[in-house]
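Participant: Residue numbers (the working numbering): 8 to 232.
Where a beta carbon is used, it is the ideal one built from N, C-alpha and C, also for glycine.
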Amino acid sequence: MKLLKSLEELLYELVSWLLFYPVTVWRTAVNPLRMMRYADTELADRPEDQYEDTLSPPLFLLITLMLSQAVAGALPSIYDPSEAVRRLGSGSNLLIARGVIFGIFPLCMAVTLLRWKKVRLTRDSLRPPFFSQCYVAALFAFVMVLGLDFYSMPSGEGNVAGGITATVAVVWYAQAQVRWFMQDLGIGVVRAAATFMGAFLFAMTAALAVAILINLDAKSIASAT
Numbered sequence: 008m009k010l011l012k013s014l015e016e017l018l019y020e021l022v023s024w025l026l027f028y029p030v031t032v033w034r035t036a037v038n039p040l041r042m043m044r045y046a047d048t049e050l051a052d053r054p055e056d057q058y059e060d061t062l063s064p065p066l067f068l069l070i071t072l073m074l075s076q077a078v079a080g081a082l083p084s085i086y087d088p089s090e091a092v093r094r095l096g097s098g099s100n101l102l103i104a105r106g107v108i109f110g111i112f113p114l115c116m117a118v119t120l121l122r123w124k125k126v127r128l129t130r131d132s133l134r135p136p137f138f139s140q141c142y143v144a145a146l147f148a149f150v151m152v153l154g155l156d157f158y159s160m161p162s163g164e165g166n167v168a169g170g171i172t173a174t175v176a177v178v179w180y181a182q183a184q185v186r187w188f189m190q191d192l193g194i195g196v197v198r199a200a201a202t203f204m205g206a207f208l209f210a211m212t213a214a215l216a217v218a219i220l221i222n223l224d225a226k227s228i229a230s231a232t
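#1: Terminal residues of the continuous alpha helix (DSSP H) containing Pro-135?
#2: If you check the beta carbons only, do Gln-57 and Leu-50 fall under 8 Å apart?
#3: If we count the other Cβ atoms within 10 Å of its Cβ and call it buried at 16 or more, is Arg-122 buried or exposed?
#4: Could you tell me if Leu-62 is buried or exposed, where buried requires 16 or more neighbouring beta carbons within 10 angstroms of its beta carbon?
#5: Under three-state DSSP, which class holds Ile-221?
#6: Along the chain, which unbroken stretches of the alpha helix (DSSP H) at least 4 residues long are found entirely within the region 184 to 208?
#7: By DSSP, does Ala-229 sit in helix, in strand, or in coil?
#8: Let me make sure I understand the geometry here. Which of Val-22, Thr-202, Leu-101 and Leu-14 has the alpha-carbon closest to that of Ala-181?
#9: Hey, quick one: how far does the alpha helix (DSSP H) through Pro-239 stretch, first residue to last?
#10: Helix, strand or coil for Ile-108 per DSSP?
#11: Could you spell out the range, first to last residue, of the alpha helix (DSSP H) harbouring Pro-161?
#12: How many Å lie between Arg-127 and Thr-119 at the Cα?
#13: Do three or more CB pairs link the region 153 to 171 to the region 183 to 190 at distances below 8 Å?
#14: If I'm right that Leu-153 touches Ser-75 with Cβ under 8 Å, what's the distance once you round it to whole angstroms?
#15: Taking the alpha-carbon positions, what's the Phe-209 to Lys-125 distance?
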């Protein structure tokens, strides 16, 4: 009976994602700042009462990356999509790797905010801004990776679409972050933009470094086996 009850809860949770995932996507795309504030306030509720009408931010990020992975496998590419899965051992390992890489963006933005506020970095102080950032990081990651997937199409047929898609991703992400810094830190648009650019460039560098390290480690494991 306990097993059946657990399966019942799991089935309900999975099916509910079909409704609440697109709701979360729409709200984040249309009003990212409201969703970021929503993530902050929901953490003050009891765990069982949190995110009742949306997905939790980290879960939203992981599901979005999983969908991005599926889209990448469906598009024609000069790269073999199964190669990354083979090197990392499984599709779930690839998803975890992508989660770590794109999780750097909300982490860097959250740390930047706390540093500006001179708040001591702890697990508790980092959680609210990190959760807030996961909403916008998810859509940024999906659109940016889609742009890169267009770039990897054979014969350069997706270069234009890739450039437009990547630009849209960066512009949307930048405007959300600049407005977030302006409101949370009470600073002007120029300082907010400079703060975002510094955090974004650091996050890009760190994400690229982590991706290279994961790739090198996966290569060494694949060659050893």
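Facilitator: Working from what's here:
#1: Here residue 135 refers to the residue found at position 128 when the sequence shown is read from its first residue. First-last of the alpha helix (DSSP H) with Pro-135: 130 to 158.
#2: Counted from its first residue, the sequence shown places residue 57 at position 50. Counted from its first residue, the sequence shown places residue 50 at position 43. The answer is yes: Cβ separation under 8 Å.
#3: Residue 122 sits at position 115 when you count from the first residue of the sequence shown. By the 10 Å Cβ count, Arg-122 comes out exposed.
#4: The count along the sequence shown starts at 1 and reaches residue 62 at position 55. Leu-62 is buried by the Cβ-count criterion.
#5: As a position in the sequence shown, residue 221 is number 214, starting the count at 1. DSSP places Ile-221 in helix when its eight states are reduced to three.
#6: none
#7: Position 222 of the sequence shown holds residue 229. Here Ala-229 scores only 49 on pLDDT, less than 50, and its place in the model should not be relied on; the value that follows carries that caveat. Three-state DSSP puts Ala-229 in a helix.
#8: Mapped onto the sequence shown, residue 181 falls at position 174. Of Val-22, Thr-202, Leu-101 and Leu-14, the residue nearest in Cα terms is Thr-202.
#9: A query on residue 239 cannot be resolved here, the shown segment of the chain reaching from 8 to 232 and no further.
#10: Position 101 of the sequence shown holds residue 108. Helix at Ile-108.
#11: Position 154 of the sequence shown, counted from the first residue, corresponds to residue 161. Where Pro-161 is concerned, there is no enclosing alpha helix (DSSP H), given that its DSSP letter is neither H nor E.
#12: Here residue 127 corresponds to residue number 120 of the sequence shown, with the count starting at 1. Here residue 119 corresponds to residue number 112 of the sequence shown, with the count starting at 1. Spanning the two alpha carbons is a distance of roughly 12 Å.
#13: no
#14: For the purposes of this step, residue 153 is identified with residue 146 of the sequence shown, where counting begins at 1. For the purposes of this step, residue 75 is identified with residue 68 of the sequence shown, where counting begins at 1. Contact holds; Cβ gap of about 7 Å.
#15: What you label residue 209 is simply residue 202 of the sequence shown in a count that begins at 1. What you label residue 125 is simply residue 118 of the sequence shown in a count that begins at 1. Roughly 19 Å between the two C-alpha positions.
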